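Asks: Residue numbers for the sequence shown follow the UniProt record's numbering, beginning at 1 and rising by one. Okay, handing you the structure first.
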Amino acid sequence: MPTDRVCLGRKRPVPSCPNPLFLQWLTELRDSAKEKGLKTQYVYQKAINSLKKYPLPLKNGKEAKILQNFGDGICKILDERLQKHFKENGSDAPIHLMEEPQKEPSGNLSEHMKQTQKEVRKEKGSKKKREYVPQKRSGGYAVLLTLYRHTQMPGCKGFMFRNELQTEAQPLCEKSFTVPDLGSKYTAWSSVSTLIQKDLLVKTHNPARYSLTDQGLALAEKLDSEESGMAKEHVEQMSEEEDSQDGPDVVDLTLEEEDEEESSKSSERLATALSVNQARAHISESDATGKSQTLESGRTAMSWHLPPGSYDIVLCVDVIETTGGSSGRKQELVKELQRNCVTFDIRKLNVGDFLWVAREKVTPVPGQLRPPVGKELVLDYIIERKRMDDLCGSIIDGRFREQKFRLKRCGLRKPIYLVEECGSAAAHLSLPESTLQQAIVNTQVVDGFFVKRVQDVKESAAYLTIMTRYLQKLYHKCTLFCRSRELEGDGGDESEQTANISCSLMAFTEFNYGAIKNKCQTVREVFARQLMQISGVSGDKAAAVLEHYSTVSSLLQAYDQCSSESEKEKLLSSIKYGKLKRNLGPALSRTIYQLYCTRGPLS
1 MPTDRVCLGR KRPVPSCPNP LFLQWLTELR DSAKEKGLKT QYVYQKAINS LKKYPLPLKN
61 GKEAKILQNF GDGICKILDE RLQKHFKENG SDAPIHLMEE PQKEPSGNLS EHMKQTQKEV
121 RKEKGSKKKR EYVPQKRSGG YAVLLTLYRH TQMPGCKGFM FRNELQTEAQ PLCEKSFTVP
181 DLGSKYTAWS SVSTLIQKDL LVKTHNPARY SLTDQGLALA EKLDSEESGM AKEHVEQMSE
241 EEDSQDGPDV VDLTLEEEDE EESSKSSERL ATALSVNQAR AHISESDATG KSQTLESGRT
301 AMSWHLPPGS YDIVLCVDVI ETTGGSSGRK QELVKELQRN CVTFDIRKLN VGDFLWVARE
361 KVTPVPGQLR PPVGKELVLD YIIERKRMDD LCGSIIDGRF REQKFRLKRC GLRKPIYLVE
421 ECGSAAAHLS LPESTLQQAI VNTQVVDGFF VKRVQDVKES AAYLTIMTRY LQKLYHKCTL
481 FCRSRELEGD GGDESEQTAN ISCSLMAFTE FNYGAIKNKC QTVREVFARQ LMQISGVSGD
541 KAAAVLEHYS TVSSLLQAYD QCSSESEKEK LLSSIKYGKL KRNLGPALSR TIYQLYCTRG
601 PLS
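Laid out in structure tokens, this is it:
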């Protein structure tokens, strides 16, 4: 058999990537996209991984199109960089490592390729991180400036909530904080995660509170000084132009449209600069009047209102009420509402099945595809709809108590239970009809809900129609003010709150975010849910225990301070709960003690 010729000798090291220039350019593109917080960094990283696996040299960007994750855009960028490389280094400049052994028989690399290889290794190994600075008029830029200016206000609380921050930062940003651009799912608020990763912003508590770190405060101060410096330059330029005009004003009719646009933009910038200076002067004046007045002015600045005639009353239907299950019955509700000419909107509601919002009337802007997003305030009426079979299932699996508990805590003052009795269908359920009727009565008498009984879907649609007409008439001449649920505990005159209670409403975004079912919970909330799993512990009883012992740790410490076993069992028995201020009782107190202090199984 013929034997293959074996070449003995030193093996030439195979380069890790035969296309180092392409690899270097893609790495630069990835790093620049990463600094700007763009999602294209992941696209470039995938292209880099494909290029490292390819063992052959590439002559241009078009040849790279055969590789995975290389599209027309990346190939075009590589060709442009390649042309620029040839212009600077000559048309014979080497672009990859595979050609070197043919040019130099000794096998050594040329000096030029050694330098490029060292540069690539330096960029890979010891790359200096640039200081992150958000792009002007971007989401991160607006958030940093807003939080910084808020901290400069006397009497500020040191943090801002999400809705409050979005409202005040929107004028400083070109993109919307709530509505994504066409063809994208990202908004200006998406840049907040980048600020948190860069240790410029801190997110704490639930609901979320946003505040600046020391590093973020320094960067925001730098951005604010740059913007105020630009505003001063615009003011000085305008004053110099006014001083230079000695004679009467002469109108130049030969101006082009571009010059007019530039002059209008400069006037807008001047107006914004003047408004910023006026606001700062107003803040400095209010500092002398005392802390109470600044808190009131800050609260009024954060709030907004809808005057009469500037909004529509719209019924909001939960998307679950229109899809899934018996779709024919659910579509019948939508058809009935359409027949009754009810203005409604189908959306995701985190609590309840129906509610009403006051939606601001907006006019379309010429040249824009979508009209601007109108503000929305939630009216104080929310409906939970139950069929008898659904009511039976919710009682068995525990959803019934939980849903009532969440409706009480949602912030709306007038919850309604809409019960469809469905004729004789209740006779074939797993629970007796008397149990279901007792649950409905308890909902009305004990929980304080308004209960409306109907027979079928048509009557439900009729009730929703009547309620919509009633609310449109009720709020016809009302000025609606936005109140923040998170700031209700700041204090204030209760007489003012009760006087304007029907016209002080929550924003829909804040309401729906606060009603999320599976959001992060505090230790206090988890403790309350644990207590409510005990048979006989209602929401009022759990709340009464939490008033004395807010966490499990505090309760266990109280048990440790008791001298005897009987004293531990009766520790919670004298706690008052509910409107009638009844005692919790020794039996329930003993059960809770056994649950948290018995090491073995409960007897």
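The beta-carbon is built from N, C-alpha and C at its ideal position, and this holds for glycine as well. Keep in mind that this is a model prediction, so the values were computed, not measured.
1) Could you give the distance in angstroms between the alpha-carbon of Phe400 and the alpha-carbon of Gln455?
2) Quick one: what's Leu306 bridged to in DSSP?
3) Mind reading off the beta-carbon distance from Lys361 to Tyr417? Whole number of angstroms is fine, and I expect it under 8 Å.
4) Once DSSP output is grouped into helix, strand and coil, what is the label at Leu379?
5) Within its chain, find whatever has a CB closer than 6 Å to the CB of Ser563; leave out the 5 residues flanking it on each side and keep chain order.
6) How many angstroms separate the CA atom of Tyr559 from the CA atom of Lys198?
7) Per DSSP, which one or two residues make a beta bridge with Arg582?
8) What does a CB cutoff of less than 8 Å around Lys34 pick up in its chain, not counting 5 residues either side in sequence?
9) Residues in the same chain with beta-carbon distance under 8 Å from residue 608, minus the five sequence neighbours each way, listed in chain order, please.
10) To which residues of the same chain is Leu51 closer than 7 Å at the C-beta, ignoring the five residues directly before and after it?
11) On the CB-based measure, 16 or more other CB atoms within 10 Å of its CB, does Asn89 come out buried or exposed?
12) Rounded to a whole number of angstroms, what is the C-alpha to C-alpha distance between Glu260 and Gly367?
13) Count the C-beta pairs between the region 340–354 and the region 311–323 that are closer than 8 Å, then say yes if the count reaches three, no if not.
14) Sort Met467, Gly514 and Thr363 by Cα distance to Gly374 and report the nearest one.
15) Whole angstroms are fine: how far does the CA of Ala47 sit from the CA of Gly492?
16) Where DSSP assigns a beta bridge to Thr204, which residues make up the other side?
17) Can you name the start and end residues of the beta strand (DSSP E) that Phe354 belongs to?
18) So, under 8 Å CB-CB, Leu355 and Cys392 are touching, yes? Tell me the CB distance rounded to an integer number of Å.
19) Give the DSSP-derived three-state secondary structure of Glu421 in the structure shown.
20) So is Lys291 buried or exposed if we call it buried at 16+ other beta carbons inside 10 Å?
21) Could you check whether Asp447 and Lys386 sit closer than 8 Å to each other, using their CB atoms as the reference points?
22) May I have the straight-line CA-CA distance separating Gly309 from Ile196, to the nearest angstrom?
23) What separation, rounded to the nearest whole angstrom, lies between the Cα atoms of Asp540 and Ser566?
24) Indicate the three-state DSSP secondary structure (helix, strand or coil) for Asn500 in the structure shown.
25) From which residue to which residue does the beta strand (DSSP E) around Cys316 run?
26) Quick one: measure Cβ to Cβ for Asp224 and Leu172, integer angstroms, because I've assumed they're closer than 8 Å.
27) I'd like to know whether the C-beta atoms of Ser553 and Glu569 end up nearer to each other than 8 Å.
28) Ala507 and Glu376: beta carbons closer than 8 Å?
29) Ordered along the chain, which non-local residues of its own chain (more than five positions away) have a Cβ less than 8 Å from that of Lys452?
30) Which one of Ala142, Gly155, His150 and Ser184 has the shortest CA to CA distance from Gln170?
31) DSSP state of Pro18, grouped into three classes?
32) Near Pro586, what residues of its chain come up, given a Cβ to Cβ distance below 8 Å and the 5 sequence neighbours on each side ignored?
33) Which full runs of the alpha helix (DSSP H) of 4+ residues lie inside the region 18–50, going along the chain?
34) What is the C-beta distance between Leu480 and His305, in whole angstroms, given that I count them as a contact (C-beta under 8 Å)?
35) Using the beta-carbon count (16 or more within 10 Å), is Gly578 buried or exposed?
36) Compute the beta-carbon to beta-carbon distance between Tyr381 and Lys408, rounded to the nearest angstrom, for a pair I have assumed lies under 8 Å.
Replies: Per the coordinate set shown:
1) Rounded to whole angstroms, the gap between the alpha carbons of Phe400 and Gln455 is 20 Å.
2) DSSP lists Leu480 as partners of Leu306.
3) Cβ-Cβ separation between Lys361 and Tyr417: approximately 32 Å, too far for a contact (criterion under 8 Å).
4) In the three-state DSSP reduction, Leu379 falls in the strand class (E or B).
5) Within the same chain, no residue comes within 6 Å of Ser563 by CB-CB distance, once the 5 residues on both sides are set aside.
6) Approximately 45 Å, taken between the alpha carbons.
7) DSSP output for Arg582 lists Tyr577 as bridge partner(s).
8) Correct list, in chain order: Gln41.
9) For residue 608 there is no data in the structure shown, the boundaries of the chain being 1 and 603.
10) Spatial neighbours of Leu51 in its own chain (CB-CB distance under 7 Å, excluding positions within 5 residues in sequence) are listed in chain order as Cys17, Asn19, Phe22, Leu23, Leu26 and Leu67.
11) Burial call: exposed.
12) Below a pLDDT of 50, predicted positions are generally treated as unreliable, and Glu260, at 46, falls in that range; the measurement from the model is reported next regardless. If you take the alpha carbons of Glu260 and Gly367, they lie about 19 Å apart.
13) They touch, by the three-pair rule.
14) When only C-alpha atoms are compared, the closest one is Thr363.
15) Interpretation of Gly492 is limited by its pLDDT of 41, a score under 50 that renders its predicted location unreliable; no figure is taken from the coordinates.
16) Listed as beta-bridge partners of Thr204 by DSSP are Arg209.
17) Residues Phe354 to Glu360.
18) About 25 Å separates the beta carbon of Leu355 from that of Cys392, a gap too long to meet the 8 Å contact definition.
19) Glu421 sits in coil when the DSSP states are folded into three classes, being neither helix nor strand.
20) Residue placement at Lys291 cannot be trusted, given a pLDDT of 40 that sits under 50; what the coordinates show is reported in the next sentence. Under the 10 Å beta carbon count, Lys291 is surrounded by fewer than 16 other beta carbons and is classified as exposed.
21) Their beta carbons are not under 8 Å apart, which means Lys386 does not touch Asp447 by this criterion.
22) Using only the alpha carbons, I get a separation of about 41 Å.
23) Each residue's alpha carbon lies about 25 Å from the other.
24) Here Asn500 scores only 47 on pLDDT, less than 50, and its place in the model should not be relied on; the value that follows carries that caveat. Secondary structure at Asn500: coil, using DSSP grouped into helix, strand and coil.
25) Looking at the DSSP string, the run of the beta strand (DSSP E) that includes Cys316 is Tyr311 to Asp318.
26) The C-beta separation of Asp224 from Leu172 comes to about 11 Å, leaving the pair out of contact by the 8 Å criterion.
27) It is not a contact, given that the beta carbons lie outside the stated cut-off.
28) Going by C-beta atoms, Ala507 is nearer than 8 Å to Glu376.
29) Ile416, Tyr417, Leu418, Val419 and Tyr463, listed in sequence order.
30) Of the residues Ala142, Gly155, His150 and Ser184, the one whose Cα lies closest to the Cα of Gln170 is Ala142.
31) The three-state secondary structure of Pro18, taken from DSSP, is coil.
32) The residues Glu569, Lys570 and Ser573, in chain order, have a CB closer than 8 Å to that of Pro586 in the same chain once the five nearest residues on each side in sequence are set aside.
33) The qualifying runs are 20–35.
34) Indeed they touch by this definition, with Cβ atoms about 6 Å apart.
35) Gly578 comes out exposed.
36) Separation of the CB atoms of Tyr381 and Lys408 is rounded to 14 Å, and the pair is thereby denied contact status at 8 Å.
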